[in-house]
Amino acid sequence: MFDSLSDRLSGIFDKLTRRGALTDSDVSEAMREVRRALIEADVALDVVKSFTDRVKEKAVGQEVVRSVTPGQMVVKIVHDELVRTLGAEAEPIDLQSVPPVPIMMVGLQGSGKTTTTAKIAKRLTERDKRKVLMASLDTRRPAAQEQLEVLGKQTGVDTLPIIKGQTPQQIATRAIQAAKLGGYDVVILDTAGRLHIDDELMRETEQVRDIAQPHETLLVADSLTGQDAVNLARTFDQRIGITGIVLTRIDGDGRGGAALSMRAVTGKPIKLLGTGEKLDGLEDFHPERVAGRILG
Ligand code: GDP
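The UniProt record's numbering applies: residue 1 is where the sequence shown begins, and numbers increase by one.
Structural data, given as structure tokens:
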């Protein structure tokens, strides 16, 4: 997803590193180009501004210009600032709580919420050897509960038996109860999707949150929607309170802006990346690795 940004940046830095000596104005010119490249990649404007300001502050000045390889020093400064913008440390899903640990999945319809629920459940079961229960609280979209049931069968993860006519709040209560009685380590609640932020559904999600008291509340956001994904994360955080973000469709041709802006704008970490439709298409988000990918 970072291909075009990555190409742009390597063009800028190739030019810089090929020159031996650099002046402050060479560095400033390169930063103007970096700024343009980030804006075109759909990175939030205030994030672009503080990013380039911090790089300039470190890069313009005697130390870089006088060094033997000034271009490489600038690249190193940009790399370090990218890592910092992306969140510095990887933050995996936190399961340090009394089992069954409730995880609540929230987000817009079509963002990949149900698929991501199954991906996380599969990974916790297979890799981390946890006993996981999944429950769909989506009583609005026809067949949403059955969709999760099918994914449960495919992955060998238990799903809460469907009882037609129950409200999301009742399903949440039943899921927590069943997870306790069944000796599950983790219970994942896949809440109803929405086409856009809608007050009634937000209230419903708040009530589910109050019932389930999730240890993790993960917003699933489509990386292809760029700035909209970032605004969505901010709104969900203000209203529901999120603990992390899963960015899906990283395998698509998004420009990378969402990934780069998310942390700085919301203060919440990207924890996982969705990398495909298949149920093993899930990766941990490592700021260092992503910065490496962006810088090529
Ligand atoms: P929900 O409405 O948010 O629950 O969305 P779904 O989980 O039903 O996913 C909607 C579509 O997106 C499905 O066709 C999924 O296979 C697809 N999808 C989900 N995550 C990814 C991803 O990371 N990459 C790609 N390419 N497709 C995805």
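Beta carbons: idealized from backbone N, C-alpha and C, even for Gly.
Predicted, not measured: the structure shown is a model, and the values here were computed from it.
Query	Result
Using a Cβ-based criterion (distance less than 7 Å to any ligand heavy atom), does residue 193 qualify as near ligand 1?	yes
Look at the Cβ atom of residue 168, then the Cβ atom of residue 137, and state whether they are nearer than 8 Å.	yes
Which of the three DSSP states is assigned to residue 106 in this structure?	strand
Return the first residue and the last residue of the beta strand (DSSP E) that residue 187 is part of.	186–190
Where does residue 245 fall in DSSP's three states?	strand
For the alpha helix (DSSP H) that contains residue 29, what are its first and last residues?	24–40
Grab me the residues of residue 88's own chain with a C-beta within less than 7 Å of its C-beta, minus the 5 sequence neighbours each way, in chain order.	287
Return helix, strand or coil for residue 133, following the three-state DSSP convention.	strand
Does the beta carbon of residue 277 fall short of 7 Å from some heavy atom of ligand 1?	yes
Residue 48: which of 103, 31 and 60 sits nearest, CA to CA?	31
Which one of 82, 51, 23 and 101 has the shortest CA to CA distance from residue 180?	101
May I ask you to report which of helix, strand or coil DSSP gives residue 77?	helix
What would DSSP say about residue 256, mapped onto helix, strand or coil?	coil
If you count every other CB in all the chains shown that lies within 10 Å of the CB of residue 188, and 16 or more means buried, which is it?	buried
Going by beta-carbon coordinates alone, are residue 175 and residue 104 separated by less than 8 Å?	no
Using CA coordinates, which residue listed in 208, 220 and 86 is at the minimum distance from residue 172?	208
DSSP on residue 89, reduced to helix/strand/coil?	coil
Do residue 193 and residue 108 come within 8 Å of each other at the CB atom, strictly closer than that value?	yes
Are the beta-carbon atoms of residue 42 and residue 255 separated by less than 8 Å?	yes
Report the partner residues of residue 221 according to the DSSP bridge assignment.	247
Would you give the residue range spanned by the beta strand (DSSP E) that residue 284 belongs to?	282–284
Is there at least one non-hydrogen atom of ligand 1 closer than 7 Å to the beta-carbon of residue 25?	no
Which partner residues does residue 270 have in the DSSP bridge list?	245
So, residue 259 versus residue 290, is the Cβ gap smaller than 8 Å?	yes
Ligand 1 heavy atoms versus the CB of residue 109: any closer than 7 Å?	yes
With a threshold of 16 other CB atoms inside 10 Å of the CB of residue 329, please say whether the residue is buried or exposed.	Since the first and last residues shown for the chain are 1 and 296, residue 329 lies out of range.
Taking 8 Å as the cut-off, decide whether the C-beta atoms of residue 246 and residue 114 are in contact.	no
Take the Cβ of residue 268 as the centre, count every other Cβ of all protein chains shown within 10 Å, and call the residue buried at 16 or more, exposed below.	buried
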